[in-house]
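Novice: Protein chains in written order, with full-length UniProt numbering: chain A, 1 to 270; chain B, 1 to 270.
2 protein chains.
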Amino acid sequence: MPPKTNTFGLSAPAGADGGSAGSSGAVRPDGAAQFLPLYQQIKSLLTQSLEAGEWKPGEVIPSEMELAARFRVSQGTVRKAIDELAKENLVVRRQGKGTFVASHNDEPRKGFKFMRLMADDGRALTTQSDILDCRRLRAPADVARQLDLKVGESVVQLRRLLSINDRPGVLDEIWLPGSIFRGLTADKLTGYKGPLYGLFEKEYGTRMVRADERLKAVSADAGSAQSLGVEVGAPLLLIERIAYTYLDRPVEFRRGLYVTREHHYHNEVS
Amino acid sequence: MPPKTNTFGLSAPAGADGGSAGSSGAVRPDGAAQFLPLYQQIKSLLTQSLEAGEWKPGEVIPSEMELAARFRVSQGTVRKAIDELAKENLVVRRQGKGTFVASHNDEPRKGFKFMRLMADDGRALTTQSDILDCRRLRAPADVARQLDLKVGESVVQLRRLLSINDRPGVLDEIWLPGSIFRGLTADKLTGYKGPLYGLFEKEYGTRMVRADERLKAVSADAGSAQSLGVEVGAPLLLIERIAYTYLDRPVEFRRGLYVTREHHYHNEVS
DNA sequence: TAGTGGTCTAGACCACCGT
DNA sequence: CGGTGGTCTAGACCACTAA
Numbered sequence: 001m002p003p004k005t006n007t008f009g010l011s012a013p014a015g016a017d018g019g020s021a022g023s024s025g026a027v028r029p030d031g032a033a034q035f036l037p038l039y040q041q042i043k044s045l046l047t048q049s050l051e052a053g054e055w056k057p058g059e060v061i062p063s064e065m066e067l068a069a070r071f072r073v074s075q076g077t078v079r080k081a082i083d084e085l086a087k088e089n090l091v092v093r094r095q096g097k098g099t100f101v102a103s104h105n106d107e108p109r110k111g112f113k114f115m116r117l118m119a120d121d122g123r124a125l126t127t128q129s130d131i132l133d134c135r136r137l138r139a140p141a142d143v144a145r146q147l148d149l150k151v152g153e154s155v156v157q158l159r160r161l162l163s164i165n166d167r168p169g170v171l172d173e174i175w176l177p178g179s180i181f182r183g184l185t186a187d188k189l190t191g192y193k194g195p196l197y198g199l200f201e202k203e204y205g206t207r208m209v210r211a212d213e214r215l216k217a218v219s220a221d222a223g224s225a226q227s228l229g230v231e232v233g234a235p236l237l238l239i240e241r242i243a244y245t246y247l248d249r250p251v252e253f254r255r256g257l258y259v260t261r262e263h264h265y266h267n268e269v270s
Numbered sequence: 001m002p003p004k005t006n007t008f009g010l011s012a013p014a015g016a017d018g019g020s021a022g023s024s025g026a027v028r029p030d031g032a033a034q035f036l037p038l039y040q041q042i043k044s045l046l047t048q049s050l051e052a053g054e055w056k057p058g059e060v061i062p063s064e065m066e067l068a069a070r071f072r073v074s075q076g077t078v079r080k081a082i083d084e085l086a087k088e089n090l091v092v093r094r095q096g097k098g099t100f101v102a103s104h105n106d107e108p109r110k111g112f113k114f115m116r117l118m119a120d121d122g123r124a125l126t127t128q129s130d131i132l133d134c135r136r137l138r139a140p141a142d143v144a145r146q147l148d149l150k151v152g153e154s155v156v157q158l159r160r161l162l163s164i165n166d167r168p169g170v171l172d173e174i175w176l177p178g179s180i181f182r183g184l185t186a187d188k189l190t191g192y193k194g195p196l197y198g199l200f201e202k203e204y205g206t207r208m209v210r211a212d213e214r215l216k217a218v219s220a221d222a223g224s225a226q227s228l229g230v231e232v233g234a235p236l237l238l239i240e241r242i243a244y245t246y247l248d249r250p251v252e253f254r255r256g257l258y259v260t261r262e263h264h265y266h267n268e269v270s
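This is the structure we're talking about:
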C-alpha cells in the first residue's frame with residue numbers, strides 16, 4: 001500500500017502495515033518534505049486548531065483515539081504530541097474525563113502562574129485590582145516594537161493599581177493591540193472579578209500562553225511613589241513583560257513597579 | 001509465571017508475557033506496594049545512582065537496552081524515565097553516542113543556566129570572578145535553616161565580586177556546608193577558571209541541579225555601594241538562592257546584590 | 001558495520017469517570 | 001458498563017556516530 005496524503009498534509013502510515021516512519025518524519029509525495037517528526041507536526045496542527053478557536057478554553061478536545069483516526073496515525077503518536085502541549089500548559093489532561101483546553105478562569109492556582117509574587121512569610125495574599133486609566137492611543141515606538149506593530153497603530157493603554165492585602169503593591173502599565181481588544185473600556189475591566197487574563201480570553205478570544213520577563217531594580221519617582229505609598233527614591237522592582245498567545249504572537253506589553261518590602265518575586269531555575 | 005522481585009526492588013513483569021502493569025505500578029510481593037509507575041521507580045533508581053556517583057558528570061550512562069535488561073523492563077519504560085531526567089537537565093542525550101551525565105564543565109552555555117543576567121542591549125557579557133573572602137564559621141540561624149543544618153555546624157562563607165565587562169556587577173555572599181566542602185580555600189577558588197559550580201562538581205563531587213530564587217529591590221548600603229561602585233541608596237536587585245543537588249538536598253545558600261543599570265534578570269514564565 | 005538514541009506502531013491492561 | 005487518559009510491552013525502521 002503506497003503512502004497517501006490525508007487532508008491535513010500528513011503522510012498516512014498506511015493503515016495496519018505494522019508501523020514505520022523515521023525520525024525525519026513524514027515525507028509528502030508532492031516533494032515538499034516536512035523534515036519534522038510526525039508527533040511534532042500533529043502538535044503543530046493541534047496548536048493551530050487552538051489558535052483558530054476550534055476548541056475554546058475550558059472545553060474538551062477530541063479523545064486521543066479520535067485524533068489518531070483524524071490524522072491517520074497511531075494513538076501513541078497523538079499522545080506524544082498532547083504530552084508536549086500538556087507540559088507547555090496549553091492543555092490539561094484529566095484521567096477518565098478527557099483533555100481540556102487550559103483556561104485562566106477555571107481551577108484557580110492551577111496551570112499557569114504569571115503572578116510570581118509571594119509574601120516573605122509564606123502567607124497567602126489577597127489582591128485587588130483598581131483600574132486607574134484605560135485609553136486608546138497610537139503606539140509609541142517602543143511599544144510598537146514589543147507588540148510587533150507599526151508605529152502609530154491603535155493600542156489600548158491600561159494603568160492599574162494592584163493592592164495586596166489592602167496595601168498598594170504593584171503599579172502596572174499595560175499595552176494591548178487595539179485591533180484585538182476593540183470594545184475594552186475601564187467599565188468592562190472594573191466590572192470583572194477574577195484575573196485580567198481570564199477576561200481577555202473570555203471576552204476577546206485571546207489567551208495568554210507564555211511570557212518573557214525582564215527584571216530590574218529602580219528608584220521610585222514622584223508619581224509612582226505617591227501611587228504606591230512609598231518615599232521618593234525607594235527601591236522598586238521593575239518588571240517588563242511581553243506576553244504571547246498561541247504561535248508566539250505577542251499580544252501584551254506590560255511594565256510593572258513592585259513594592260518588595262514584604263514580598264518577593266519567586267523563581268525556580270534549573 | 002509469578003511476579004518476582006529483582007535486586008532493585010522492582011517487580012519483574014515476567015519476561016515475554018506480552019506486557020501488562022497498570023498505572024499504579026509494580027506491586028511488590030512482600031506487601032510493601034510502591035504505588036508508583038515503573039518508569040518513575042526507575043527514574044528514582046537512576047537518580048540515586050547519579051547521587052552515589054556511579055556515573056560522574058560528563059560520563060556516559062549505560063545504554064537504554066542495558067538498563068532495560070538490568071531493571072527487567074522494556075526499553076520504552078527506561079526511555080520514559082530517561083526522558084524525564086533529560087528534561088530536568090540531569091542527563092543529556094546525544095543521538096548515536098549515548099546518554100551522558102550533565103556537567104557544568106562541558107559544553108558551555110548548554111543545559112543549566114543559573115546565570116540569568118543579560119545585557120539590556122542583548123550583547124554578550126564577559127565575567128570575571130574575584131574572591132574577596134573565604135572563611136569557615138559556625139552556621140548562623142538563618143543559614144542553618146536554609147541549608148538544613150543545625151545552628152553552629154561548620155559552614156564555609158565565601159564572598160566574591162563578579163565583574164561584568166570589567167565593571168563591578170554582582171556582590172555575592174555564598175554559604176556552603178563545611179562537611180562537604182572540606183579543603184575549600186580562597187587559593188583553590190582563585191586558581192580556577194570557569195564557573196564556580198564546575199569547580200564544586202569536579203573537586204567536591206557535588207553537582208548543583210536546581211535552585212530556588214527570591215528577588216527583591218533594595219537600596220545599597222555603604223559597604224555594598226563601595227564594592228559595586230554605585231552611590232549609597234542606589235537601587236540594587238537582591239537575589240537569594242538556595243541551590244539543590246540530587247534528591248533535593250540543599251547545598252548552597254547565596255545572597256547576591258546585582259547592579260541592574262545596564263543589565264536585567266531574564267525569565268520565561270509559562 | 002554495529003551500536004546508540006529517535007520515532008512510530010499495535011495491542012494489552014490499568015485506574016478513573018460518568019451513566 | 002463503556003469511554004477516557006495512563007502505563008507497559010514488543011518490535012520495527014530511521015538517523016547519527018564511531019570504528
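Where is the CB? At the ideal position from N, CA and C, for every residue including glycine.
How would you call residue 271/A, buried or exposed, if buried means at least 16 neighbouring beta carbons within 10 angstroms?
Specialist: Beyond the ends of chain A as shown, which are 1 and 270, falls residue 271/A; an answer cannot be given.
Novice: Just verifying my parser: in three-state terms, what is the DSSP assignment at THR127/B?
Specialist: The sequence position of residue 127/B within the second sequence is 127, counting from 1. In this structure, THR127/B counts as strand in the three-state DSSP scheme.
Novice: Quick check on the DSSP output: the beta strand (DSSP E) that includes residue 278/B runs from which residue to which?
Specialist: Residue 278/B lies beyond the residue range present for chain B, which begins at 1 and ends at 270; the question has no answer from this structure.
Novice: Within a Cβ cutoff of 6 Å, which residues of the same chain sit near ASP212/B, ignoring the five residues on either side of it in sequence?
Specialist: The residue labelled residue 212/B in the question sits at position 212 within the second sequence. Answer for ASP212/B: ILE242, listed in chain order.
Novice: Tell me, please, whether the segment 159–168 of chain A touches the segment 201–219 of chain A by the rule of three or more beta-carbon pairs shorter than 8 Å.
Specialist: With a cut-off of 8 Å, the segment 201–219 of chain A and the segment 159–168 of chain A do not count as touching, because too few Cβ pairs lie within range.
Novice: Would you check if the segment 258–269 of chain A and the segment 249–257 of chain B touch, i.e. whether three or more CB-CB distances between them fall below 8 Å?
Specialist: no
Novice: From the DSSP secondary-structure annotation, give me the bridge partner or partners of PHE100/B.
Specialist: Translated into positions along the second sequence, residue 100/B becomes position 100. In the DSSP output, where bridge partners are listed per residue, PHE100/B has VAL60/B and VAL92/B.
Novice: Pull up the CB-CB distance for ARG159/A and LEU132/A, whole angstroms please, since I reckon it's below 8 Å.
Specialist: Taking the first residue of the first sequence as 1, we reach residue 159/A at position 159. Taking the first residue of the first sequence as 1, we reach residue 132/A at position 132. With 8 Å as the limit, ARG159/A and LEU132/A qualify as a contact, their Cβ atoms being about 4 Å apart.
Novice: Going by the DSSP bridge assignment, what does LYS188/B pair with across the sheet?
Specialist: Locating residue 188/B in the second sequence gives position 188, counting from the first residue. Per DSSP, none; premise fails for LYS188/B.
Novice: Starting from LEU172/B, trace the beta strand (DSSP E) both ways and give me its first and last residue.
Specialist: For the purposes of this step, residue 172/B is taken as the residue at position 172 of the second sequence. It is worth fixing the name first, because residue 172/B is Asp in this sequence and not Leu. Here the beta strand (DSSP E) through ASP172/B covers 167–177.
Novice: So the alpha helix (DSSP H) GLU240/B belongs to, where does it begin and stop?
Specialist: Here the question's residue 240/B lines up with position 240 in the second sequence. Element bounds for GLU240/B: not the alpha helix (DSSP H) but the beta strand (DSSP E), 235–245.
Novice: I'd like to know if GLY268/B contacts chain A, where contact means its C-beta is closer than 7 Å to some C-beta of that chain.
Specialist: Here the question's residue 268/B lines up with position 268 in the second sequence. Checking the displayed sequence, the identity of residue 268/B turns out to be Glu instead of Gly. Judged by the 7 Å Cβ criterion, GLU268/B is in contact with chain A.
Novice: Thinking C-alpha only, which one of TYR265/B, GLY191/B, GLU66/B and PRO168/B is nearest GLY98/B?
Specialist: Here residue 98/B is taken as the residue at index 98 of the second sequence, counted from 1. If we check each option's Cα against that of GLY98/B, GLU66/B comes out closest.
Novice: Which value, in whole angstroms, describes the spacing of the CA atoms of LEU196/B and LEU189/B?
Specialist: As a working mapping, residue 196/B is identified with position 196 in the second sequence. As a working mapping, residue 189/B is identified with position 189 in the second sequence. Roughly 8 Å separates the two Cα atoms.
Novice: Count the C-beta pairs between the segment 134–152 of chain A and the segment 173–180 of chain A that are closer than 8 Å, then say yes if the count reaches three, no if not.
Specialist: yes
Novice: So what does DSSP say about ARG249/A, is it helix, strand or coil?
Specialist: If you number the first sequence from 1, residue 249/A lands on position 249. Correct three-state label for ARG249/A: coil.
Novice: Can you list, in chain order, the residues of its chain whose CB lies under 7 Å from that of LYS43/B, leaving out five sequence neighbours each side?
Specialist: Indexing the second sequence from 1 puts residue 43/B at position 43. ALA81, GLU84 and LEU85.
Novice: So, does the CB of GLU51/A fall closer than 7 Å to a CB anywhere in chain B?
Specialist: Numbered from 1 along the first sequence, position 51 holds the residue referred to as residue 51/A. By this cut-off, GLU51/A is not an interface position.
Novice: How far does the beta strand (DSSP E) with VAL218/B in it reach, from first residue to last?
Specialist: Counted from its first residue, the second sequence places residue 218/B at position 218. Per DSSP, VAL218/B belongs to the beta strand (DSSP E) from 210–219.
Novice: Name the two residues that bound the continuous alpha helix (DSSP H) containing GLU84/A.
Specialist: Counting from one through the first sequence, the residue named residue 84/A turns up at place 84. First-last of the alpha helix (DSSP H) with GLU84/A: 75–87.
Novice: When you compare the CB of ARG214/B with every CB in chain A, is at least one pair closer than 7 Å?
Specialist: To locate residue 214/B, count along the second sequence from 1; it is residue 214. Yes, its Cβ sits closer than 7 Å to a Cβ of chain A.
Novice: Would you list, in chain order, the members of the UniProt domain "HTH gntR-type" (36–104) of chain A that have their beta-carbon closer than 7 Å to a beta-carbon of chain B?
Specialist: GLU88 and ASN89
Novice: To which residues of the same chain is ALA225/A closer than 7 Å at the C-beta, ignoring the five residues directly before and after it?
Specialist: Numbered from its first residue, the first sequence carries residue 225/A at position 225. Taken in chain order, the residues that qualify are GLU231, VAL232 and ALA234.
Novice: Which residue marks the beginning of the beta strand (DSSP E) containing LEU147/B, and which one marks its end?
Specialist: By one-based count along the second sequence, residue 147/B stands at place 147. Looking at the DSSP string, LEU147/B is not in any beta strand (DSSP E); the run it does join, the alpha helix (DSSP H), is 141–147.
Novice: Would DSSP call VAL163/A helix, strand or coil?
Specialist: What you label residue 163/A is simply residue 163 of the first sequence in a count that begins at 1. Residue identity differs from the one stated: residue 163/A is Ser in this sequence, not Val. If DSSP states are grouped into helix, strand and coil, SER163/A belongs with the strands.
Novice: Taking buried to mean at least 16 other C-beta atoms within 10 Å of its own C-beta, is SER63/B buried or exposed?
Specialist: Here residue 63/B is taken as the residue at index 63 of the second sequence, counted from 1. Exposed, because fewer than 16 other Cβ atoms sit within 10 Å of the Cβ of SER63/B.
Novice: Could you tell me how far apart the beta carbons of ALA220/A and LEU228/A are, in whole angstroms, since I believe they sit closer than 8 Å?
Specialist: Looking up residue 220/A in the first sequence gives position 220. Looking up residue 228/A in the first sequence gives position 228. Yes, they are in contact, since the Cβ atoms of ALA220/A and LEU228/A sit about 7 Å apart, within 8 Å.
Novice: Select from the segment 238–269 of chain B all residues with a C-beta closer than 7 Å to any C-beta belonging to chain A, and list them in chain order.
Specialist: THR260, HIS264, TYR265, HIS266, ASN267, GLU268 and VAL269
Novice: For the candidate residues SER270/B, THR245/B, ASN267/B and GLU262/B, whose alpha-carbon lies nearest to that of LEU50/B?
Specialist: The residue you call residue 50/B lines up with position 50 of the second sequence. Closest by alpha carbon: THR245/B.
Novice: If VAL155/A and VAL170/A are in contact, beta carbons under 8 Å, what's the gap, nearest whole angstrom?
Specialist: Walking along the first sequence from the start, residue 155/A turns up at place 155. Walking along the first sequence from the start, residue 170/A turns up at place 170. That belief does not hold up - the Cβ atoms of VAL155/A and VAL170/A are roughly 21 Å apart, past 8 Å.
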